[in-house]
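Colleague: Quick one: the structure is below, and I'll ask about it shortly.
Numbering (my numbering), first residue to last: 9 to 227.
Rendered as structure tokens:
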């Protein structure tokens, strides 16, 4: 039943709003690697993630992409909301990290629900604050953090969203997401492995307990 798919939202919204979501929203299944939002495209509906994880990217003028943040159950993309409300083309790209499902809310309902439901207002404002803080954290890491700290934070984020100490990712994917080279990433990961903080496999990395400590950095 579609109503069961909204289980992750039941603690966020009142029942009348959930019923409107069922009535007006569109359930969409996605699979690993699916393109959900693309650069330069108009966004006609705001996606709310029900299951699975989605990665959101921004492209620099040079054509290099950088990972901004992840979206998981009950999350929405604030940039998608802004584009919907102002009929602007997307400046971000969203790709499915794993199989899942989203609920697409038509743009006509976004403003209406702001006036009608207090829980929707809180959800939208909290989403903007949360994404803004994530962006500040990313900027801090790029501007002030060294690359090994960025690699560490990247792997911990992926582990948290996957709810597993085993992260399925290639060295090249890490390099692409962080805007660096595979050779540099491989060197940093090997140093972490030599410190017994993780174990490297083919396209998988097992994070060990010392890796999650604050002083787990390459020196």
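From the three backbone atoms N, C-alpha and C, an ideal C-beta is built for every residue, glycine too.
Just curious, the beta strand (DSSP E) that residue 177 is in, first and last residue?
Modeller: Here residue 177 refers to the residue found at position 169 when the chain shown is read from its first residue. First-last for residue 177: undefined, no H or E at that position.
Colleague: Run the CB neighbour count on residue 108, radius 10 Å, all protein chains shown included, and call it buried at 16 or more, exposed below.
Modeller: Here residue 108 refers to the residue found at position 100 when the chain shown is read from its first residue. The residue in question, residue 108, is buried, as its Cβ has 16 or more Cβ neighbours within 10 Å.
Colleague: Check for me: the alpha helix (DSSP H) holding residue 198 runs from which residue to which?
Modeller: Indexing the chain shown from 1 puts residue 198 at position 190. Residues 190 to 202.
Colleague: In whole angstroms, what is the alpha-carbon distance linking residue 74 and residue 17?
Modeller: Numbered from 1 along the chain shown, position 66 holds the residue referred to as residue 74. Numbered from 1 along the chain shown, position 9 holds the residue referred to as residue 17. About 29 Å.
Colleague: Pick from 184, 119, 211: whose alpha carbon is nearest that of residue 65?
Modeller: For this step, residue 65 is matched to residue 57 along the chain shown. Answer by Cα proximity: 184.
Colleague: For residue 51, which three-state DSSP category applies?
Modeller: Within the chain shown, the letter at position 43 stands for residue 51. Here residue 51 sits in coil by DSSP.
Colleague: Judging by CA-CA distance, which residue of 71, 69, 98, 131 is the nearest neighbour of residue 25?
Modeller: Numbered from its first residue, the chain shown carries residue 25 at position 17. The residue with the shortest Cα to Cα distance from residue 25 is 131.
Colleague: Mapping the DSSP letters down to three states, classify residue 214 as helix, strand or coil.
Modeller: Stepping through the chain shown from its first residue, residue 214 is reached at position 206. In the structure shown, residue 214 sits in a strand (DSSP, three-state: E or B).
Colleague: For a cutoff of 8 Å on Cβ pairs, would you count residue 139 as touching chain B?
Modeller: In summary, chain B is missing from the structure at hand, where a single protein chain is found.
Colleague: Here's the rule I'm using: 16 or more other beta-carbon atoms within 10 Å means buried, otherwise exposed. How should residue 77 be labelled?
Modeller: For the purposes of this step, residue 77 is taken as the residue at position 69 of the chain shown. That one is buried.
Colleague: Give the straight-line distance between the Cα atoms of residue 33 and residue 113, rounded to the nearest whole angstrom.
Modeller: Translated into the one-based positions of the chain shown, residue 33 becomes position 25. Translated into the one-based positions of the chain shown, residue 113 becomes position 105. Cα-Cα distance, rounded: 5 Å.
Colleague: Just the C-alpha distance for residue 208 and residue 29, rounded to the nearest angstrom, thanks.
Modeller: One-based indexing of the chain shown puts residue 208 at position 200. One-based indexing of the chain shown puts residue 29 at position 21. Using only the alpha carbons, I get a separation of about 43 Å.
Colleague: Rounded to the nearest angstrom, how far is the Cβ of residue 51 from that of residue 98, given a contact under 8 Å?
Modeller: Your numbering for residue 51 matches position 43 in the chain shown. Your numbering for residue 98 matches position 90 in the chain shown. Yes, they are in contact, since the Cβ atoms of residue 51 and residue 98 sit about 6 Å apart, within 8 Å.
Colleague: Rounded to the nearest angstrom, what separates residue 218 and residue 145 at their Cα positions?
Modeller: Working through the chain shown from its first residue, we reach residue 218 at position 210. Working through the chain shown from its first residue, we reach residue 145 at position 137. Those two C-alpha atoms are separated by around 22 Å.
Colleague: According to DSSP, which residues form a beta bridge with residue 102?
Modeller: Sequence index remark: in the chain shown, residue 102 carries index 94 (1-based). Per DSSP, 45, 64.
Colleague: Who pairs with residue 112 in a beta bridge, going by DSSP?
Modeller: Against the chain shown, residue 112 aligns to sequence position 104. 34, 55.
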